[in-house]
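The sequence shown begins at 1 in UniProt numbering and counts up one residue at a time. In this text, a Cβ means the ideal position worked out from N, Cα and C, and glycines have one as well.
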Amino acid sequence: MNQQNDMRRRVAAALLCAGLGFGAEGCRKKVQVPPLPQIQAPIALETPPPPEHPPMIEPPVVKLPPVPVASNGAKPKRERRRPAAKTPAPEPPVQVASAEPATEEAAIGALTSGGEANPKSQQEAAEMIAANEKRLNGLSAQMSDEQKAQISKVKNFQRQAQEALNSGDVEGAKTLATKAKLLLDDLLK
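Below you can see the structure in the form of structure tokens.
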């Protein structure tokens, strides 16, 4: 009997599995595809009639220049630079002192061309520029943005002072070097 019960259980399990398999699969229904719409005949488009009173302004005619065509054989030749012939430097004009005394108008507030500056003034301006440069180089590298802007101004005044001294404007060089010195003093406070 044991064998019969065992056999019955197996058959029952097989039938149960087959039933569940068929039940899970469900009924097979044919999927219906929606029908395609009918092809319509093309519709003729109507063009609007031109206006009875056309505009008075005619569109301007734009003429384009012809398209340039590059030719392979026409390459421009480079001209070599020839060294310019050195001309001797012109001699500076000799200044002659006038016998007339300076007028009162020229003495007070009048601008002069500077003329020959005395060597002592040139030396003072050069020393002031050098002292400012030495102080600039002695500053620490870590500065705030505001201090960096002020250092930039000082360097600009220094450069202008040196250019003025080189061009012979000793008074201008002294003035610019003094401005740079005052900014440096303010920076180091």
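Query, Result
"Output the distance between the C-alpha atoms of L187 and P119, rounded to the nearest integer angstrom.", "31 Å"
"Are the CB atoms of V170 and A125 within a distance shorter than 7 Å?", "yes"
"Enumerate in chain order the residues of its own chain whose CB-to-CB distance from L184 is below 8 Å, with the five nearest sequence positions on each side excluded.", "N132, R135, L136, V154"
"When the Cα atoms are used, what is the spatial distance from N5 to G21?", "24 Å"
"So, at 6 Å on beta carbons, what are the nonlocal neighbours of Q122 in its own chain, with the 5 sequence-adjacent residues on each side left out?", "V170"
"Quick one: what's got a C-beta closer than 7 Å to M7's C-beta in the same chain, skipping five residues either side?", "none"
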